[in-house]
Amino acid sequence: MVEMIFISPFLFFLLFSLVPGDAISSNVTLLTLGDLWDTRGMTRTHLFPTKTSTVYPEFAAIPSNQGDGRMHLTRSALDKAIENVAEMNGVLIHSICSYRHLNVTFYTLNTMFGIGRSEVLIDANMTEMEKKMSEMTDRRIKVNFICVGANNDTYSAVWHHSPDFVWHFIVDSGPIREIIEKDRLQMTRGYYADCFQTYRNDNVSRAIIIWRKGFGKKYRIQYGTEVQEMLTDMQRTDLEPVQFASLPRLTQRKPFPRWILWHGDEFTWGNRTIPRDLSKMNHNWEALNSVIEHRMRSYDIPSISIHILRDNKMEYSASYGFADILQNIPVKTTHRYRIASVSKLITAMTIGELLADYEHIDLLTPVFGRNGILSDVCSPCHPFLLHVRIIHLLEHSSGAWPHTSKFEFDRMEQNQTEFLMRVVQKEFPILFPGGRHMYSNIGYILLGRIIEKVSGRSYEEYAMEKVLKPLGVNATIGKEGDPSEEVTYYSHDNANAYTSWSTRRLNSAAGWAMTAEDVTKVFHHLEEHKLRRFRWIITPSAVRWNYGRGVQLGNDGSLYHIGSLAGTEAIGYTWQNVQVAILTNIRGREQNEQTGWMEKLCRSIADGRFTR
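Mapping of the sequence shown onto mature numbering (1 follows the signal peptide of the UniProt record, and there is no 0): residues -25 to -1, 1 to 587, in sequence order.
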């Protein structure tokens, strides 16, 4: 029978005496039912049943400054304990696990300090658990812990109603080896294991795990058979044990397999030295270094890469911080970064090459409808769409799909063709084309499809051949994964750089990755040809004076574009004979948290502030 019990906030101090000789320390201690018989619990300690025996139950006692643990509770005693704590404030239920003793099911209950209230589901089957998990996620209620039941066929879970709900968590179960392999992947995507419990079902050793999005949080799922050896192995780390799991041994001669989940702090610079990779310097750039490092410490930015061209010669090139903060890989000036919406200038330049190669089209060629380049995307089309021209997409004046609606981040399982057909056919225009500037990533995705439809080649291939390779730029789309070549991406906010958006979907809108030096090459190319070849790009649009076609226009004659998506913020900038690129591998707690600072820094560099 499934029971759902709603818990009010509580402040619960368990007044239990510690077992002699078991003072709280950083060690994991294995205790028997006899050790805990008198107190039935421990303060400042979490208790996890090891399930190694149904005759002589064993418990892993893990020190916790965040709460207390109780054990050997019958179901009625568990219900009573939950009712008692429901009347108090300041502490939440951390976890509820069960175990068997002499054919009777008993429970452990651990608490933790926190704001909000707890909601629990006890002894549910998988179908009930999945249904409840979906419901709670839709209600923005955070799952805190899942424990497999005493008979390995039910689950008990705890959720927290709290203001710090994070959408990005993953719950999975499967054979232990598969879960450990997945854990390595999730670690590279900025997740950490927050719950790891093991069980055996149909003679298969399995695990259930909760990964949460974190900012460089260090952790380890440690496997072993001798607890003391496991603890000794971790003595020189800055990690602390938080959970324990084990399985019954398969034969009497084999040891018990055990796992300890260890946690450390999230990433912060604090007083740590920020690594630097600097080019040879013609000037003393220490003032610039200080400005950048102060910004990195103030916002805990993992890395920044900067490149400065003056008179088409490298004036300064530097990278600061880590390409990967978990592996402590220092960033190099040769590391690629995603440049987000700075990609739009590359797409605009590629459109220019397309118009030169295929003279039957121009900026006023229709995009949709019977005579449109993308006539197959919608049929029939909304009447407004029949008036959309290429220039409207370049200027963000199509009247449709504003970036504030975030259509481009929906239904990530769809490929780009399915996605575009759904958006164009289902998300109708707001305004008639040409009347108003509404920044649109989807408009630039459509420009990439136009390039592919006309040229018969992929957007990436055509842009590389016509624009980037002639400039000596080695850029990629969707090739991340090797931290020796491309940085790892992080995000403070409630988004994930690897799951919230796709570089493949947003290829022509925000998908390119390149070095800071490569970005300056693109902007030098723009500066060099702005009065003839690219005059149409830098001409103010009819609907916004400070935006051209794929480039932002400064009051002082500067040309630039910023980019900000989960995992990255970037700027490419040119003013007369100076080009600057600044790239990061994080987005702040708010979009464009760093781009305003980047723009001001670019102007200061162009003015010569750091070379006087």
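Even glycine gets a Cβ: it sits at the ideal position worked out from N, Cα and C.
Does the Cβ-Cβ distance between residue i and residue j come in under 8 Å?
i      : j      : result
Ile537 : Asn567 : yes
Thr49  : Glu33  : no
Met63  : Gly16  : no
Thr340 : Gly525 : no
Tyr295 : Ser278 : yes
Ser533 : Thr514 : no
Val133 : Ser73  : no
Leu349 : Arg424 : yes
Cys122 : Gln41  : no
Leu558 : Ser280 : yes
Tyr274 : Gly563 : yes
Leu236 : Ile196 : yes
Gly189 : Tyr473 : no
Val342 : Arg364 : yes
Asn100 : His69  : no
Ser372 : Thr308 : no
By DSSP, does residue i sit in helix, in strand, or in coil?
i           : result
Val266      : helix
Trp237      : strand
Pro38       : strand
Ser533      : coil
Arg272      : helix
Ser579      : helix
Asn567      : coil
Leu48       : strand
Trp186      : strand
Trp550      : strand
Leu8        : helix
Pro358      : helix
Asn246      : coil
Arg510      : helix
Gln227      : coil
Phe81       : strand
Asp385      : coil
residue 591 : Shown here, the chain extends from -25 to 587; a query on residue 591 therefore has no answer.
Met573      : helix
Ala220      : strand
His378      : helix
Val3        : coil
Between the alpha carbons of residue i and residue j, how many angstroms are there, rounded?
i       : j      : result
Ser(-1) : Gly418 : Low confidence applies here, because Ser(-1) scores a pLDDT of 44, under 50, leaving its location unreliable; read the following figure in that light. Approximately 59 Å between the Cα atoms of the pair.
Lys505  : Glu328 : 15 Å
Met205  : Tyr198 : 8 Å
Asn264  : Arg587 : 15 Å
Gln210  : Ile90  : 32 Å
Gly490  : Glu58  : Sequence check: residue 490 is Thr here, not Gly. When rounded, the distance between both Cα atoms is 58 Å.
Gly191  : Ala298 : 12 Å
Met413  : Arg313 : 23 Å
Val179  : Phe81  : 24 Å
Glu393  : Ile405 : 22 Å
Arg584  : Cys577 : 10 Å
Ala262  : Lys575 : 15 Å
Asn471  : Asn303 : 20 Å
Arg19   : Pro38  : 6 Å
Tyr194  : Thr379 : 36 Å
Leu422  : Glu435 : 12 Å
Gln527  : Gly571 : 13 Å
Thr112  : Leu338 : 46 Å
Tell me the DSSP bridge mates of residue i?
i      : result
Glu544 : Ser539 and Thr559
Val202 : Note: Val202 sits in no beta bridge, so no partner.
Tyr312 : Met489
Gln527 : Tyr522 and Tyr535
Met289 : Leu284
Pro341 : Arg364
Val352 : None, per the DSSP bridge assignment.
Met87  : Leu67
Ile499 : Note that residue 499 is His in the sequence shown here, rather than Ile. Beta-bridge pairing links His499 to no other residue.
Ile304 : Asp299
Glu455 : Glu455 pairs with nothing; no bridge assigned.
Any beta carbon from chain C within less than 8 Å of residue i's own beta carbon?
i      : result
Cys170 : Absent from the structure is chain C; it holds one protein chain and no more.
| What are the start and end residues of each continuous beta strand (DSSP E) run of 3 or more residues lying completely inside the stretch 420 to 445, in chain order? | You should have found no qualifying run.
| said: If we require 4 or more residues per run, which alpha helix (DSSP H) segments fall completely within the stretch 101 to 182? | reply: Qualifying alpha helix (DSSP H) stretches, in chain order: 101 to 113 and 151 to 163.
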